[in-house]
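Notes to accompany the following structure.
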């Protein structure tokens, strides 16, 4: 949907019945958190995946939804082979459990990792379809890995999902922080509950002032850890990294603010 033609939630839902269906599918989900990055390369997918894993380890019923339909990669982080996993169909598509307490949904279950050269409205259509057919059942938390940047489809997801919270991910890079400042300003304008994580930081704390400026809750720093690359694809190895320990602290803080602790 072009930015110039954006309409209200009520109007959108009445125009496209899939979005009403998506609301129904999400009606038993207590909290929805979108993980967003103002640009690629900030570690958004890794943070989203670890947030979901750590919340599940803490005993919550968690879903992880990869909505980066043109470049899905959460399955790579998890080590999920889409050719070996087939979501069950029962009153919609039931996401498979990929770790104890964690269900995962991605377009790769249907593309098998093949390129999806979609643009513009085609991306938006796929997102609507995925939201409409995915039956999450009862969840405490749904973590959504969004497309990178401030694209139309990323902003549309804010309207499609009921009462979303946003975790913005940045790095100490000046370019990343300039981008996340624009994202936080937009979220503040739309009065979306917002949180900020500073990823790949050696010292940390640079982004705290940005969070304060735009009324975002600062969740802290996730340190730089070169060993993460070797751990990607193995949940067990991933959870043993320093990054996972840092994200556990971030997750506990976030869950407390969401009333899920």
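Residue numbers (the working numbering): 1457 to 1717.
Built from N, CA and C at the ideal position, the CB exists for glycine as well.
> Per DSSP, residue 1522 is paired with what?
Replying inline: DSSP output for residue 1522 lists 1562 and 1601 as bridge partner(s).
> Going by other Cβ atoms of all chains shown within 10 Å of its Cβ, with 16 needed for buried, is residue 1510 buried or exposed?
Replying inline: Flag for residue 1510 reads buried.
> Grouping DSSP H, G and I as helix and E and B as strand, with all else coil, what is residue 1554?
Replying inline: Reduced to three states, the DSSP call for residue 1554 is strand.
> Which one of 1473, 1506, 1705 and 1539 has the shortest CA to CA distance from residue 1585?
Replying inline: Looking at the Cα atoms, 1473 is the closest of the given residues.
> Using the rule of at least 16 other Cβ atoms within 10 Å of the residue's Cβ for burial, across every protein chain shown, is residue 1700 buried or exposed?
Replying inline: The residue in question, residue 1700, is buried, as its Cβ has 16 or more Cβ neighbours within 10 Å.
> Applying the criterion that 16 or more other CB atoms from any shown protein chain within 10 Å of the CB defines a buried residue, is residue 1527 buried or exposed?
Replying inline: Exposed, because fewer than 16 other Cβ atoms sit within 10 Å of the Cβ of residue 1527.
> Is DSSP giving residue 1595 helix, strand or coil here?
Replying inline: In this structure, DSSP gives residue 1595 an extended state, which the three-state scheme calls strand.
> Can you tell me where the beta strand (DSSP E) with residue 1488 in it begins and where it stops?
Replying inline: Element bounds for residue 1488: 1485 to 1493.
> Whose C-alpha, out of 1534, 1554 and 1498, is nearest the C-alpha of residue 1542?
Replying inline: Here the closest residue by C-alpha is 1554.
> What are the boundary residues of the beta strand (DSSP E) that residue 1652 is part of?
Replying inline: Unbroken beta strand (DSSP E) run through residue 1652: 1650 to 1657.
> Are the segment 1599 to 1616 and the segment 1499 to 1510 touching, with three or more C-beta to C-beta distances below 8 Å?
Replying inline: In this structure the segment 1599 to 1616 touches the segment 1499 to 1510; the number of beta carbon pairs closer than 8 Å is three or more.
> Going by Cα to Cα distance, which pick from 1675, 1669, 1662 and 1636 is closest to residue 1653?
Replying inline: The residue with the shortest Cα to Cα distance from residue 1653 is 1675.
>> Using a 10 Å radius around the Cβ and a threshold of 16 neighbouring Cβ atoms, would you call residue 1499 buried or exposed?
In response: Buried, because 16 or more other Cβ atoms sit within 10 Å of the Cβ of residue 1499.
> Which residue comes first and which comes last in the alpha helix (DSSP H) that contains residue 1609?
Replying inline: Segment 1608 to 1616, the alpha helix (DSSP H) holding residue 1609.
>> Strictly by DSSP, which residues pair up with residue 1620?
In response: Per DSSP, 1488.
> alpha helix (DSSP H) containing residue 1585: first to last residue?
Replying inline: Residues 1577 to 1589.
> Are the C-beta of residue 1620 and some C-beta of chain B separated by less than 8 Å?
Replying inline: In the structure shown, chain B does not exist; there is a single protein chain.
> Which same chain residues, not among the five before or five after residue 1488, have their C-beta less than 6 Å away from its C-beta?
Replying inline: Same-chain partners within the cutoff: 1598, 1617 and 1620.
> On the premise that residue 1678 lies in contact with residue 1706, defined as a C-beta separation below 8 Å, what is that separation, rounded to the nearest angstrom?
Replying inline: Confirmed, about 7 Å.
> What does a CB cutoff of less than 6 Å around residue 1718 pick up in its chain, not counting 5 residues either side in sequence?
Replying inline: Limits of the chain in this structure are 1457 at one end and 1717 at the other, which puts residue 1718 out of reach.
>> So, for residue 1595: in the same chain, excluding its five sequence neighbours on each side, which residues have a beta-carbon less than 6 Å away from its beta-carbon?
In response: Non-local beta-carbon contacts of residue 1595 in its own chain, meaning distances under 6 Å to residues more than five positions away in sequence, involve 1485, 1517 and 1519 in chain order.
> Taking the alpha-carbon positions, what's the residue 1408 to residue 1704 distance?
Replying inline: No answer is possible for residue 1408: the residues shown for the chain start at 1457 and end at 1717.
>> Using only CA atoms, which one of 1550, 1574 and 1524 lies nearest to residue 1589?
In response: For residue 1589, the nearest C-alpha among the options comes from 1550.
> Near residue 1460, what residues of its chain come up, given a Cβ to Cβ distance below 7 Å and the 5 sequence neighbours on each side ignored?
Replying inline: The predicted model places residue 1460 with a pLDDT of 38, which falls under 50 and marks its position as unreliable; any figure quoted below should be read in that light. Beyond the five residues adjoining it in sequence on each side, residue 1460 comes within less than 7 Å, by CB distance, of no other residue in the same chain.
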